[in-house]
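A.B. asks:
Spelled out as structure tokens, the structure:
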């Protein structure tokens, strides 16, 4: 999937400024009777506040507006005082001074007492914004709903539009992306019929940003481009800059780095907003650091540092400082070389925000101290500013990063104190996206100081917080650095490593189960990240219960790849968990697996396959082989980790036989199964679809001339079929058949590709690709209209993306979101004629009594293995069964 990186966007900023303009206009009307009496009237003071606010001088704006509100109070002008207090809350909001902003809003609402709907609606808009900043999403949603009702009463169409955009933001923050997008699409359909306006620009940009979050990058780009066009038509440099910034983020999500950089550079040239310019520069810098382009990073760092130092205090400025410090620390930790010392003035010691924080030991600075010292200066200033503004969340983020810097320089005791402060503040500020990272950092620090019990407790807290975030991981606060591979996956893996290594001797059953549960949580988090929303909801049955009670001839193997060893946890029916370890570096494991995978697709490379696959067999199966035989195990269920997912377990070799010759084999994406019941053989009905020739734009895929023979073989096996062939097989036709034909099997004989990027995981129909999200939508439409569940999904001509080490994630994602109890798919492209033979044999066995899906797959693979033309593993081992094996 597209990596979620350091990206800013704020759909409210134009509305906040417009609110200020609007309330100022109202003040002019409200004060007109007394202007003659007051030659230096308070309205001029408010105008001065507006100028300061627009220039980003929020602290000065606060002072001016406080004076204006006091003047109105003395005059007894409650409406003008209320409007000014709302403007004051806006300025406080920009400073991150949430408590003062809340107080100003509360006073404004009390003064209004339900009067003057225009000011009341604006004030409620601002109140909702504050509530969202405090993590009170439900309250913000209710407030904006109230604002929409008030705007409706006042017939304020522009206010209604703003409220709906705000409501969509609340839905998105709750993880309800589909409804958020639905709301924005409906709103934009209305806006399309209206003249160009600020609301139209922001509505389209909000839609584009929301679509990007859920991985719909093409429609996101279209919405953002339209937003940019309207901003250009209205000649609004601020809006042009904001839309260019979002387009840069969209290009970056698609790994279109040159285009992203071009957009960021345009933003810098166009936007009049200093903070927008810096956001674009920081995004550009992060791309260079990611690609280890040290020379280019050296050029960008000094101007960014200079501009950040000129920013007046505000929440946005604080986060800019922290993120810039974070990037400098990453340059150091990646060991890209020391930047030219003339670019940044080094300091002999790491500065601290105030005397209550520990003084660092300069002798412990790394060779890249020229980067770490300015990082500390930036963080110290950010923490001081956040404290002066009362912004606890920003302070927690600054302390977290400062603690990370101390960790990087091995000043562990000081790092621990800072991290504990950050954790307390994050928890008090309802900032789980920061608190989980603080718990993780604390766990690392405690482990480094040999406090293993404390480290385990900290990692437990981190993973529990991550679990509570689940659907929010995609919408995690945009100001906080976030990538799944760097900020989520290591938490789980390090936690498991600590658990399994913490006990002397063999870990007990409770610890082994905890390790399994934690790895399952990682797998679910990977799928959530792949789909940009929480997956695998609903009732499921623990897989251990299935093997203990329903299928006592199946065993579960749970390999876990750690940096210096390969751990395997095994569940044999009606026995306690077992565990064994192979000491081997992760790099060597991954090298062997990559070599095995490369050879598996080459029919002549049987000996090379046997050599590598025997090595993997020795890691995974050989240590438990005798116990499996003694227990009468006939089916092996693997819950695979990392690079192991790219290799079919059927091809493992014990020196005499392949694993498929001894066991039926299945894969599971976790420790639970949905509806673990055998297939009802009396009612096998298949919806089949096949495409002989791919669409012209996909001519790189070969023809599949044996498709008709493949589908005919399903009918010959005694399965009732409804078919869509070649030109009949379109997305719309498939959807129609899903909703009308009775079936419990779906068999798609067409090219497809699985990728670690959701938008690149698809199957081909006659009218083009159907991506995994669209496929999910088709299946969801059936779920709403028909009671029959899809028991089996077969994808007979698919492949994992070449060169994508995590492509099997796309296969797991397709299997999970298809809703089918079981999925059979191919890991690579296979000879068309051998596929037809395999499919016919599989369905014949599947339709036989007392044959499980896993056993049917095994018997079909054995027919190819024993065929003189197809005995190479490249023909028969590519097929894998995911999910219910019964």
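In mature numbering (1 follows the signal peptide of the UniProt record, and there is no 0), the protein residues as written are -36 to -1, 1 to 850.
Cβ coordinates follow ideal geometry from the N, Cα and C atoms, glycine included.
(1) Which runs of the alpha helix (DSSP H) fall wholly inside the region 200 to 226 and span at least 4 residues, in chain order?
(2) Tell whether a beta-carbon distance below 8 Å holds between residue 843 and residue 790.
(3) Could you tell me the boundaries of the alpha helix (DSSP H) in which residue 356 lies?
(4) Quick one: Cα of residue 326 to Cα of residue 461, how far?
(5) Could you round the C-beta distance between residue 784 and residue 755 to whole angstroms and report it? I think they count as a contact, below 8 Å.
(6) Which whole-angstrom value is the C-beta distance of residue 128 and residue 112, which I expect to be below 8 Å?
(7) Note down the Cα distance separating residue 206 from residue 534, rounded to an integer number of angstroms.
(8) Let me check one thing: in DSSP terms, what residues is residue 526 bridge-paired to?
(9) When DSSP labels each residue in this structure, what does residue 535 get in the three-state scheme?
(10) Which of helix, strand or coil does DSSP assign to residue 846?
(11) With DSSP collapsed to three states, give me the class of residue 760.
(12) Would you mind working out which of 237, 373, 233, 847 sits nearest residue 293, comparing C-alpha positions?
(13) Looking at the strands, I want to know which residues DSSP matches up with residue 622.
(14) Taking the alpha carbon of residue 556 as the reference point, which residue from 516, 589, 616 has its own alpha carbon closest?
(15) For residue 185, count neighbouring Cβ atoms within 10 angstroms of its own Cβ and tell me buried if that reaches 16, exposed if not.
(16) Do the region 136 to 153 and the region 678 to 689 make contact, defined as three or more Cβ pairs closer than 8 Å?
(17) How would you call residue 836, buried or exposed, if buried means at least 16 neighbouring beta carbons within 10 angstroms?
(18) Quick check on the DSSP output: the alpha helix (DSSP H) that includes residue 677 runs from which residue to which?
(19) Are the CB atoms of residue 635 and residue 431 nearer to each other than 8 Å?
(20) Smallest Cα separation from residue 65: which of 153, 252, 811, 56?
(21) Determine the extent of the alpha helix (DSSP H) in which residue 656 is found, giving its start and end residues.
(22) Are the region 718 to 733 and the region 616 to 625 touching by the rule of at least three beta carbon pairs closer than 8 Å?
(23) Using C-beta distances below 8 Å, list every residue in its chain close to residue 241, excluding the 5 sequence neighbours before and after it, in chain order.
(24) Leaving aside the five residues before and after residue 201 along the sequence, list all residues of the same chain whose C-beta is less than 7 Å from its C-beta, in chain order.
(25) Could you tell me which residues DSSP puts in a beta bridge with residue 852?
(26) When the Cα atoms are used, what is the spatial distance from residue 70 to residue 777?
(27) Should the region 798 to 815 be called in touch with the region 505 to 514, which here means at least 3 C-beta pairs below 8 Å?
(28) Decide yes or no for the touch test of the region 208 to 216 against the region 161 to 179: beta carbon pairs closer than 8 Å, at least 3 of them.
(29) Count the other CB atoms, across all protein chains shown, that sit within 10 Å of the CB of residue 682; report buried if there are 16 or more and exposed otherwise.
(30) Could you please give me the residues that DSSP links to residue 709 through a beta bridge?
(31) Can you give the Cα-Cα distance for residue 674 and residue 799, rounded to whole angstroms?
(32) May I ask which residues mark the beginning and end of the beta strand (DSSP E) holding residue 732?
(33) Among 819, 797, 847, 849, which has the Cα closest to the Cα of residue 831?
(34) Could you pull the DSSP bridge partners for residue 561 from this structure?
(35) For residue 32 and residue 262, I'd like the C-alpha separation in whole angstroms.
(36) Which residue or residues does DSSP assign as beta-bridge partners of residue 865?
C.D. replies: Based on what the coordinates show:
(1) Segments of the alpha helix (DSSP H) lying fully in the region 200 to 226: 201 to 217.
(2) For the pair residue 843 and residue 790, the CB atoms are nearer than the 8 Å cut-off.
(3) The continuous alpha helix (DSSP H) containing residue 356 extends over residues 356 to 372.
(4) Because residue 326 sits at a pLDDT of 35, beneath the cut-off of 50, its placement in the model cannot be relied upon, and the point is left open.
(5) The C-beta distance from residue 784 to residue 755 rounds to 7 Å, short enough to meet the 8 Å contact threshold.
(6) In this structure, residue 128 and residue 112 form a Cβ contact; the two beta carbons are roughly 7 Å apart against a cut-off of 8 Å.
(7) Spanning the two alpha carbons is a distance of roughly 53 Å.
(8) DSSP lists 529 as partners of residue 526.
(9) Judged by DSSP in its simplified three-state form, residue 535 adopts strand.
(10) If DSSP states are grouped into helix, strand and coil, residue 846 belongs with the strands.
(11) Residue 760 falls in the strand class under three-state DSSP.
(12) Out of 237, 373, 233, 847, 373 has the C-alpha closest to the C-alpha of residue 293.
(13) The partner list for residue 622 (beta bridge, DSSP) reads 617.
(14) Considering only alpha carbons, the answer is 616.
(15) For residue 185, the number of other beta carbons within 10 angstroms of its own is at least 16, and it is reported as buried.
(16) Segments in contact, no.
(17) Result: buried.
(18) DSSP places residue 677 inside the alpha helix (DSSP H), whose first and last residues are 671 to 680.
(19) The answer is no: Cβ separation not under 8 Å.
(20) Relative to the Cα of residue 65, the nearest Cα in the group 153, 252, 811, 56 belongs to 56.
(21) Run containing residue 656: none; DSSP gives neither H nor E here.
(22) Under the three-pair Cβ rule at 8 Å, the region 718 to 733 does not count as touching the region 616 to 625.
(23) Excluding residues within five positions, the ones whose Cβ falls inside 8 Å are 205, 231, 232, 235, 271.
(24) Close CB contacts of residue 201 within its chain, under the 7 Å cut and outside five residues either way in sequence, are with 234, 235, 236 (chain order).
(25) Residue numbering for the chain in the displayed model covers -36 to 850; residue 852 lies beyond these limits and cannot be assessed.
(26) One C-alpha to the other measures close to 47 Å.
(27) Judged by Cβ distances under 8 Å, the region 798 to 815 makes no contact with the region 505 to 514, as fewer than three pairs qualify.
(28) They touch, by the three-pair rule.
(29) Label assigned to residue 682: exposed.
(30) Paired residue(s): 650, 756.
(31) Roughly 7 Å between the two C-alpha positions.
(32) 732 to 735 is the extent of the beta strand (DSSP E) around residue 732.
(33) Scanning 819, 797, 847, 849 for the CA closest to the CA of residue 831 turns up 797.
(34) Note: residue 561 is not bridge-paired with any residue in the DSSP secondary-structure output.
(35) Their backbone Cα atoms lie some 46 Å apart in a straight line.
(36) Absent from the model: residue 865. The displayed extent of the chain is -36 to 850, so no value can be given.
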